[in-house]
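In UniProt numbering, the protein residues as written are 1 to 285. Beta carbons: idealized from backbone N, C-alpha and C, even for Gly. These numbers were taken from a predicted model, which means no experiment stands behind them.
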Amino acid sequence: MSLDTHPVIFGAGTAWYKSPDDDGTTIHQPTVDAIKAAIDVGYRTLDGAQAYGTERELGIAMVESGIPRASFRLSTKAKSTSNVEKALEESIVNLQTDFVDLYLIHSPFPASTDVELQDAWREMERCKQRGLARDIGVSNFSIKNMSTILEVATIKPSVNQIEMHPRLYQPELYDFLRRENIAIQGFSSLAPLRAESGNETRVLTTQLAAKYNVDEMAILMRWVIDQGAAVVTTSSKRERMATTFSQVRSFKLTDEEVAQLTATGKGRWFRGFFADEFKVAEANS
1 MSLDTHPVIF GAGTAWYKSP DDDGTTIHQP TVDAIKAAID VGYRTLDGAQ AYGTERELGI
61 AMVESGIPRA SFRLSTKAKS TSNVEKALEE SIVNLQTDFV DLYLIHSPFP ASTDVELQDA
121 WREMERCKQR GLARDIGVSN FSIKNMSTIL EVATIKPSVN QIEMHPRLYQ PELYDFLRRE
181 NIAIQGFSSL APLRAESGNE TRVLTTQLAA KYNVDEMAIL MRWVIDQGAA VVTTSSKRER
241 MATTFSQVRS FKLTDEEVAQ LTATGKGRWF RGFFADEFKV AEANS
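Below you can see the structure in the form of structure tokens.
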């Protein structure tokens, strides 16, 4: 199941279901139930990560769903840039599967040097060569990070999963990835809804939601999709999962509306994830 022939249109993220004080020693049933609800609604692309601490629950939910493994597109992410091959072996056990469809390096920031990042990518390639991962990719990688691994890559990353919303518009990165034929997955697309009320992005999102008779979140997710990217969303509420699953497929933004939403974010930069790490990296570049 390659990204080229079966593009990911929508994913059910498995982050944030557990409480912060969960020690990870027991199965967290609410997490299992939430993932099973997503599967029951119709989600087949499931986005996991070692850092989420939900791999065992994700594996249980898939098995208990009774749906064949081949029907799912399952991804997980390496928490560190060291020992990524061994980490995937452990993830596969936790996920109760023989392989993952997509394995990502969660972020470049654990690597202290370019060489360390390149070594991590070589391990990722071994994971694909061994059949542990059908596709391999990265997450939260800048153009510089991408260029670093492409210098040594014999297998290109299939995808870069990045924070993507109108308040964090990165056209240079998008263009770079498209030129390299690397797919984009956008996460945290709903970030503008958590920003200050009355901001231009929120105002236009509300207007478009009324036009298309959908929730605001569907508008922001279509902003990602209608730029040729995939979108990953997360919820523990079945009703919201079902609404999102239905609405995001019910309409398409016009090119003008995509551009208008993009324009509302200019000069109002907001990064919700790895903000400090990106600042340090940019200062040192």
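C-alpha gap between Gln-118 and Phe-273, whole angstroms: Residue mapping note: residue 118 aligns to position 118 of the sequence shown, counting from 1. Residue mapping note: residue 273 aligns to position 273 of the sequence shown, counting from 1. In a straight line, the C-alpha of Gln-118 is about 23 angstroms away from that of Phe-273.
Alpha-carbon to alpha-carbon, Ala-281 and Trp-269: For the purposes of this step, residue 269 is identified with residue 269 of the sequence shown, where counting begins at 1. For the purposes of this step, residue 281 is identified with residue 281 of the sequence shown, where counting begins at 1. If you take the alpha carbons of Trp-269 and Ala-281, they lie about 17 angstroms apart.
Contact the stretch 238-245 vs the stretch 123-135: 3+ CB pairs below 8 angstroms: no
Test item: CB-CB of Lys-77 and Ala-49 under 8 angstroms: The residue you call residue 77 lines up with position 77 of the sequence shown. The residue you call residue 49 lines up with position 49 of the sequence shown. In this structure, Ala-49 lies closer than 8 angstroms to Lys-77 by Cβ.
Start-to-end residues for the alpha helix (DSSP H) that takes in Ser-91: Counting from 1 along the sequence shown, the entry for residue 91 is found at position 91. First-last of the alpha helix (DSSP H) with Ser-91: 84-95.
Pair within 8 angstroms by beta-carbon distance, Ala-242 and Val-63: Within the sequence shown, the letter at position 242 stands for residue 242. Within the sequence shown, the letter at position 63 stands for residue 63. Not a contact, by the Cβ cut-off of 8 angstroms.
Closest residue to Leu-104 among Ser-158, Asn-284 and Pro-166 (Cα-Cα distance): Residue numbering aside, residue 104 sits at position 104 when the sequence shown is read from its first letter. Cα-wise, what sits closest to Leu-104 is Ser-158.
Neighbourhood of Gln-247 by C-beta distance below 7 angstroms, restricted to the same chain and skipping five residues each side: Here residue 247 corresponds to residue number 247 of the sequence shown, with the count starting at 1. Counting only Cβ-Cβ distances below 7 angstroms, and skipping sequence neighbours, we find Val-214, Asp-215 and Ala-218.
Under the three-state DSSP convention, the category Asp-276 falls into: Here residue 276 corresponds to residue number 276 of the sequence shown, with the count starting at 1. Three-state DSSP puts Asp-276 in a helix.
Neighbourhood of Thr-264 by C-beta distance below 6 angstroms, restricted to the same chain and skipping five residues each side: Here residue 264 is taken as the residue at index 264 of the sequence shown, counted from 1. Excluding residues within five positions, the ones whose Cβ falls inside 6 angstroms are Pro-166, Glu-200, Thr-201 and Leu-204.
Identity of the residues DSSP links to Gln-185 by a beta bridge: Here residue 185 is taken as the residue at index 185 of the sequence shown, counted from 1. Answer is Gln-161 and Ala-230, bridged to Gln-185.
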